[in-house]
Structure formats: C-alpha cells, structure tokens
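Counting from 1, one number per residue, gives the positions in the sequence shown under the UniProt record's numbering. Backbone N, C-alpha and C fix where the C-beta goes; we use that ideal spot for every residue, glycine too. To start, the structure under review is shown below, and the notes come after it.
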Amino acid sequence: MEGVVSVLPNSILNLHTTRSWDFMGLTQTHVGGSQEGDVIIGLLDTGIWPEAESFSDDGIGPPPAKWKGICQSENNITCNNKLIGARYYNSMNQYDVTEFKSPRDSEGHGTHTASTAAGRIVTGASYYGLAEGVARGGVPNARIAMYKVCWSFGCSTADIFAAFDDAIADGVDIISVSLGFNGHRQYFEDPIAVGAFHAMKYGILTSNSAGNSGPEPATVANYSPWSLTVAASTIDRKFVSQVVLGNGQTFAGTAINSFVLNGTSFPLTWGGDAPNVSAGVDSEISRYCYPHTLNSLKTEGKIVLCDTLFDGSGVLITNGIGTIINDLVPDYAFSYPLPTTLISIEDGAKALDYIKSTENPTGTILFGETWKDVVAPRVVSFSSRGRNPITPDILKPDLTAPGVDILAAWSPVAPPSIYGKDTRSVKYNIISGTSMSCPHASGAAAYVKAAHPSWGPSAIKSALMTTASIMDPRRHEDAEFAYGSGHINPLKAVNPGLVFEAFQEDYADFLCNQGYNTSMLRLVTDGEQITGTFKRTVTNVGSPNSTYSASVDAAAPLFIEVVPSYLTFTAVGEKKTFTVYVGGPKIIQQPILSSSIVWEDGEHIVRTPLVVYTVLPSTSSPSYSYSVPSKKPSFEGSSLYHKNGIIQGGI
1 MEGVVSVLPN SILNLHTTRS WDFMGLTQTH VGGSQEGDVI IGLLDTGIWP EAESFSDDGI
61 GPPPAKWKGI CQSENNITCN NKLIGARYYN SMNQYDVTEF KSPRDSEGHG THTASTAAGR
121 IVTGASYYGL AEGVARGGVP NARIAMYKVC WSFGCSTADI FAAFDDAIAD GVDIISVSLG
181 FNGHRQYFED PIAVGAFHAM KYGILTSNSA GNSGPEPATV ANYSPWSLTV AASTIDRKFV
241 SQVVLGNGQT FAGTAINSFV LNGTSFPLTW GGDAPNVSAG VDSEISRYCY PHTLNSLKTE
301 GKIVLCDTLF DGSGVLITNG IGTIINDLVP DYAFSYPLPT TLISIEDGAK ALDYIKSTEN
361 PTGTILFGET WKDVVAPRVV SFSSRGRNPI TPDILKPDLT APGVDILAAW SPVAPPSIYG
421 KDTRSVKYNI ISGTSMSCPH ASGAAAYVKA AHPSWGPSAI KSALMTTASI MDPRRHEDAE
481 FAYGSGHINP LKAVNPGLVF EAFQEDYADF LCNQGYNTSM LRLVTDGEQI TGTFKRTVTN
541 VGSPNSTYSA SVDAAAPLFI EVVPSYLTFT AVGEKKTFTV YVGGPKIIQQ PILSSSIVWE
601 DGEHIVRTPL VVYTVLPSTS SPSYSYSVPS KKPSFEGSSL YHKNGIIQGG I
C-alpha cells in the first residue's frame, strides 16, 4: 500500500540509583533548577508506581505548554505536575494475574528507571536499612512521561512502535529505553532503531541500554548511530555479607543481605548431604540446592552450603534458615529471599572441609555491609561489548554510566529479590543492569538539554561523549568496546566547547552507503593495510573568539594526521570541518588499538576516541533454557543465569 515503508512481524524484546549521581559529580548543589521543569523525559518500560515519593509534585508548577500527552487513568492511575503522562500498550492482549491493565507497574523495573533518571529528592531511602541516604534522579524537577510497553511476557515490537509515535507527538525531549533484542538485527528491522530515527528527526535524543550479554565481544544491543548506547559500570560502593564459621574462620561474601539472624551460631550442612532421595535425587544434584532436590528433614533450621548461584528458593521451601553459595563471584550483588551470601570457590572449599571434618558444624551469616570500592568505575562483566555488529566503523557502546547495585524506587507489589515469589514489599530496591545505566545517561542528557534548550540530539550526545572521563584500559581488555568514549560526566557536558552535529540527511547518506562497510570488513579480515579517512564537522558552542589545536594520541603502529590541526572560530554557532587520516601496516587478529584525537583551546578539552581492530568471523548467539537437569543447568530467568561458566546477571 502507498505510504507503507516496511512490514515487520510482531516479536518480543527483553528488559535489559543513590550514591551514583554523587559519584559522577552531579551533587545536589548542581540540580533542581527551574529550567529542569521545561524538560520532559519519556520512558518506554514496565509502567510506573505513581504514589512513590520519588514522583511527588510538591513545589512543581504546571507542565510546559509544549506537552500534548495524556494520562490513562485505568486502575486508579493519577498523574500530577511531576508524572505528567502515562500510557499503556498490549497488542498481544496477554495479561498475567499479577499485572495491571493500566500504566501501573507490577514489575518494578519502570519505577526504578524513572526515578533514576528524574526522581525527586527523597531522604532516608534504603533497602531494609542498606544503602540508606538520599535517593534522587539526575534532574529532580524534570517531568516524567511513562509509556508502558513491557509485561511479564516481554515487550512487543508493535507496542514499541506505537509508544515512540505517541512520545514524539506528546512533546518529550528525551526518550529512555532500557530494553532490546537478544541478537542482532538490521537497523530498520529493529523497532527501537526505527523509533529512535523518527525521534531524531523531531529533535529528540533516544538513550538506550547496551544489553547484558557481556563480556562476550560483539554482543552490544541498540547500536544505531543516531541513538546513545550506554554500557554499565560500577560505583564506589559494593555490598558485602560475611560468613562466620564455628571454628572462627570468616569469609567476605558478595550479597545484598537484608536479614538479621538472631544468634551467632546455627547448624550448618552441605546440600550434597541432604538429597531428596524419595524424588530420585542424589548428592551430585542436591549439592546445587535447586528446588525440590533437598530433603527438608536434613535442612530445616539449618544454614545450607550450596554449590551454585541460584535464587535461594530450594533452601527456602525446605525450611532452611539461610544459604551460603559457593561459586564464581560476580562484580555485582544479588538480593535473596532469606539470609544469603556468595563466597568464592576457594572459600567454599574451606567451608565444606569444615563441615565434613566437624561432628556438629555451625556458622552464621552477618547482616549486609557497604564497603568502598576504590577501583571504581569499572565496566561490569555483564555489560555487552562492542564491536558494532552492523556498522563496524562506528564505535559502540558510546559511553558508560553507573549500572551496578543501584538503589531507586520500586513497585511495592513487585518481588524485592531475585526470587519471583518473594512476597515482601519495599519502596526502594537495589538492582543491576544496563537498564540502570541507561536512565543515568537519560538524566544526564536532560541536564544538558535544560542548560541548552536549542540543542538537538546529536549535539547533546556529542557533549556527553567528548567530555566523558577517560577509563583505564589496563582494567578492561575490551578497551573502548567496553566503555566507548569513557565514563559519563554531566557537569563537563554542559560546557563542551565544540559539538559534532549530525542531521537526518547525514544519516540518510550513511544508510545509502552501507555497502562500503561490507567491503571494508572483507579488506580488514584479509589482513590488508590500515587505511581510513574521516571527515568531521564541529560547531562552536564555547567562546566566540577561540582557537582549538589538535593533538593525537596514536597507538603504535598507527599513523594519524588531522588536517587542519588548528580551528579558529569568531562566533558562537560557527562550524568548521577537519579530516582525519589513519594509516598503518597489516594487522591480523591484532588486539584493539586505542587512540584519540583531542581539541583544546585552553579552556575546553574535546576528546574523541579512534579505534582500530581486526574483525573476526561472527558466530551466532546460543540460546538458553531451564529444566531440572542431571548437571548444572544454564538458567535465564528474570535476572541471573550461567553461561559458559561465567555468571551473567542484571535486568
């Protein structure tokens, strides 16, 4: 039919803070200005809990005149001057009994992301006393519009398309999307890429999560050039819960343990010594403590040592009082439905030796603590890595932001731990994922938009990328493919000096010339010499009269030349074009060569990364499912699973 650009099957996507804002340098003294009230952040997510204190409109005036959206009021939803819009979509017409047929959030995810981006300042927020302090978003006075596209079954492409259309027509300034496909699709087969393209045409920046399929290479999601792709990194806080054995040995475990055990000594057993024999389970299975594999007569009232990372439900349903998990320790923490901590395999072997050699072994699990992480920020293991799977010569992810152990508002009807049947209720929860880093970038983008209302999406994205803090490649073997331009720095982004701008016609030219990338891919794979020419245009947003000089940090054996090497401006808004020439010898399966180009005028530092690498043959991503096995399974549920011996996680 005339007017139909393309037809795609309706498919399902997956869902992919607050020390974090202070950690980025965006303290309370820098936020809350009246100009924030003119900025509207639209979120495509699981909905929102309107009554959460993070969405109070105390002291906030009416929405800006540009707002054209609505508030669908089913199931007693009420908007206000903070939460100015709420819509929901369900083209599949599938509803779980726990879900609301309205924009109300039963999952917790959307409430968490919305409050991370733009939640009001709330004192005394915590998760059962852990991480207690001030919870807030990056732009506490900005407006929020929620577009509920995700349900218990996932997020359908038809609903995502509809939500993008509505958000654009409603008048939002930033769109935040913490979801994506597993696997890769061409740009115009991906509803987020298509929606973000249309948003870009109307001057709206789309901020995307990079995905949680790391640390494998070329797993990054949401890689369209016109959107902002955000990796996840740590903040300077980590959660620890210690184990104390009856012989005095103490092990520091990783967990968000919100339980207090009333006593210092409890009976201790190993899951392998408590098999559910009547169900045909032996020690080789019961050691992992999966549901229905344990004998409650041997676990009731005891702390159980288990040999794999799981949600604790196997011990919980057999009346155990706690679990010590012995497995690979990830660089992020989970919360559980009973006293739990995760210790290393080495410490687990010591604990098992104590259990085996003692007639009546005992132990306890201490209430959780927060320790300072002095090496933060580091890109977390689950954060998806580049290269860009569709366009290898455009770097993805774009930057990294806090996405590990983030405290933010939560739906009180959603489980507060990784156990889906946990019936406790919390107002704030601590979770991890690129879903959490994305709204940090969305809030930072809104912060820049509030300071520069006339800036378009590419200018905002450029400002965030070129001012990002440099990450240490010695701690990241994937270098820029882990963290992009670096760690987001909202304060510097407000005054970048120069910005790289791109518009609809530029992206159209880019799409029309995609054949070039296929040829380049073959050349690099065959080990041809390095050669590349990049023409870039910058816009002066700093001082009217200024001269920028270029410096190059070129990794051996690269040759990089910038022509011209000086750019002189006489007015704000003036544009200048320069060309970057890259050369070098043949490379075959060479590690990533990280370089950069920096423009300086004595006040501003404008940095862009340049990466050279060998494209290896692509492989299809494996799929994972769960069933009770005869050996350790791979598990892909709401928030954790094993993959090739590496613990994965996040939402």
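Asked, Found
"Could you name the residues that DSSP lists as bridge partners for Thr98?", "None; Thr98 has no bridge partner."
"As a quick exercise: from Thr579, Ser156, Ser565, Val7, pick the residue whose alpha carbon is nearest that of Lys535.", "Thr579"
"Out of curiosity, what's the CA-to-CA distance linking Thr608 and Ser596?", "6 Å"
"Are Glu118 and Gly138 close, meaning C-beta to C-beta below 8 Å?", "Looking at the sequence provided, one finds Ala at residue 118 rather than Glu. Cβ atoms of Ala118 and Gly138: closer than 8 Å."
"Looking at the structure shown, is Gln249 part of a helix, part of a strand, or coil, going by DSSP?", "coil"
"For Cys289, report the span of its beta strand (DSSP E) as first-last.", "No beta strand (DSSP E) holds Cys289; DSSP gives it neither H nor E."
"In three-state DSSP terms, what is Thr518?", "Caution is warranted here: a pLDDT of 44 is assigned to Thr518, below 50, making its placement in the model unreliable, and the coordinate value is therefore given only provisionally. Thr518: helix per DSSP, three-state reduction."
"Taking 7 Å as the limit between beta carbons, can you name the residues of its chain near Tyr88, skipping five residues before and five after?", "Gly47, Gln72, Ser102, Pro103, Lys148"
"Counting C-beta neighbours from all protein chains within 10 Å, is the total for Asn545 16 or more, i.e. buried, or is it exposed?", "exposed"
"Would Ile40 pass as a contact of Gly203 if the rule is Cβ separation under 8 Å?", "no"
"Pull the bridge partners of Met146 from the DSSP assignment, please.", "Leu43, Ala86"
"Taking the DSSP output, what are the residues bridged to Arg104?", "Ile48"
"Run the CB neighbour count on Ser425, radius 10 Å, all protein chains shown included, and call it buried at 16 or more, exposed below.", "exposed"
"Taking only the alpha-carbon atoms, compute the straight-line gap between Pro140 and Ser56 and give it to the nearest angstrom.", "10 Å"
"Classify Glu107: buried if its beta carbon has 16 or more other beta carbons within 10 angstroms, exposed otherwise.", "buried"
"Would you kindly work out how many angstroms separate the C-alpha atoms of Ala459 and Ala252, rounded to a whole number?", "45 Å"
"Rounded to the nearest angstrom, how far is the Cβ of Asp105 from that of Trp49, given a contact under 8 Å?", "5 Å"
"Using the Cβ count rule (16 or more neighbours within 10 Å means buried), how would you classify Val260?", "exposed"
"Counting only runs of 3+ residues fully inside the segment 143-206, write out the beta strand (DSSP E) ranges in chain order.", "143-148, 154-156, 174-177"
"The beta strand (DSSP E) with Arg136 in it runs from where to where?", "Note, Arg136: premise wrong, no beta strand (DSSP E); not H, not E."
"Are the Cβ atoms of Met465 and Leu399 separated by less than 8 Å?", "yes"
"Quick one: Cα of Gly348 to Cα of Pro217, how far?", "31 Å"
"How about Leu498 and Gly542: are their beta carbons less than 8 Å apart?", "yes"
"Which value, in whole angstroms, describes the spacing of the CA atoms of Ala351 and Arg237?", "27 Å"
"Taking Ile256 and Phe334 to be in contact with their CB atoms under 8 Å, please state how far apart those CB atoms are, rounded to whole angstroms.", "7 Å"
"Thinking C-beta only, is Thr250 closer than 8 Å to Val329?", "no"
"Is Ser20 helix, strand or coil when you go by DSSP?", "helix"
"I'd like to know whether the C-beta atoms of Pro397 and Gly322 end up nearer to each other than 8 Å.", "no"
"Compare the C-alpha of Ser207 against each of Pro361, His198, Val230 and name the closest.", "Val230"
"Apart from the five residues just before and just after Ala445, which ones in its own chain have a Cβ nearer than 8 Å to its Cβ?", "Ile174, Leu205, Ser207, Leu228, Ile460, Lys461, Leu464"
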